[in-house]
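Presented below is the structure to which this report refers.
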Amino acid sequence: MREGILRVGNVQLESRGAGALSVREIARELGVVSSAIYRHVADRDALLTLLVVDAFDDLGDAVDRALDSVSASGAEPRAALAALARTMREWALAHPQRWALIYGTPIMGYAAPAEQTTVPGTRAMARLAGILAAGSLPSDAVGSASSGLVDELRVSAEELGLAPDPVLLAEGIGTWSSLVGTVSAEVFGQLGTDLARYGAELLDRWIASTSARFELGPAVLR
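Under this note's numbering, the letters of the sequence shown match residues 403 to 624, in that order.
See below:
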């Protein structure tokens, strides 16, 4: 039943967006009574959470496959960075509504439960942090972080299984945000009609600048 709910729910999501999801329509599509569905998803929020986790895991799986392939080839960290970024862009373009669900405008009245979404939601971010940790930042690249931020970053590093380097982590958060923003600008049509066709090139520039900043080596261009 869960697989059917995810399949039909994702079809609904991709065809009309998160705001139009309907548990009752999923039941009709699956040919079961609504009560059968509600045993698995109690309400719309539970359905949204199921789809959020599924989207994060699907994206995380795609990133893992790409990075495993790069690792098997013995490539340097800059190649891993390129593989991660390009995989995220390709996944987002293939699944724009699922990308919007996890990285777009928050859905009014819905708050994703952290206990269910934090682990899948940080998979790709953790892989990026691991790549950046293989490089380094110039000593004068950034100023010192506040003690409060350092404490929170150390907790986050422990949760993600990363080395507790607060400066690298702080820079990593900014780098992650800029990657999501770069991809989202293309997916959501924010580049405008003239720049829309240059999404891949703009991402390559992000790869190049990030590789240089973290001293990962020259970016791998297509």
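All C-beta atoms, glycine included, are put in the ideal place defined by N, C-alpha and C.
Query: Any idea if R480 is buried or exposed, counting beta-carbon neighbours within 10 angstroms, 16 or more meaning buried?; Result: buried
Query: Looking at C-beta atoms only, is the number of pairs between the region 466–475 and the region 500–509 that lie closer than 8 Å three or more?; Result: no
Query: Give the DSSP-derived three-state secondary structure of A621 in the structure shown.; Result: Because A621 sits at a pLDDT of 48, beneath the cut-off of 50, its placement in the model cannot be relied upon, and the point is left open.
Query: Do you know offhand how far L408's Cα is from A513's?; Result: 19 Å
Query: At 4 residues or longer, what runs of the alpha helix (DSSP H) sit wholly inside the region 526–587?; Result: 549–562
Query: From the DSSP output, in three-state form, read off M510 for me.; Result: coil
Query: How about the region 442–459 and the region 418–434: do they share at least three Cβ pairs that are nearer than 8 Å?; Result: yes
Query: Between the region 485–504 and the region 405–421, do three or more beta carbon pairs fall short of 8 Å?; Result: yes
Query: Would you check if there are 3 or more beta carbon pairs closer than 8 Å linking the region 523–533 to the region 558–567?; Result: yes
Query: Which runs of the alpha helix (DSSP H), 4 residues or longer, sit entirely within the region 467–499?; Result: 479–496
Query: Is S611 helix, strand or coil when you go by DSSP?; Result: helix
Query: On a CA-only basis, which of V455, L452, S613, V552 is nearest L581? Give me that one, please.; Result: S613
Query: Can you say whether A487 is buried or exposed, counting buried as having 16 or more other CB atoms within 10 angstroms of its CB?; Result: buried
Query: Please state whether the Cβ-Cβ distance between A559 and A482 is less than 9 Å.; Result: no
Query: With DSSP collapsed to three states, give me the class of L423.; Result: coil
Query: Straight-line CA distance for A420 to L503?; Result: 7 Å
Query: Give the secondary structure of G594 by DSSP, where H, G and I count as helix, E and B as strand, and everything else as coil.; Result: helix
Query: What's the call for M527, buried or exposed, on a 16-neighbour Cβ count within 10 Å?; Result: buried
Query: Using only alpha-carbon positions, find the residue among Q592, A485, L570 that is nearest to D606.; Result: A485
Query: What number of angstroms, rounded off, separates the C-alpha of S579 from the C-alpha of A444?; Result: 33 Å
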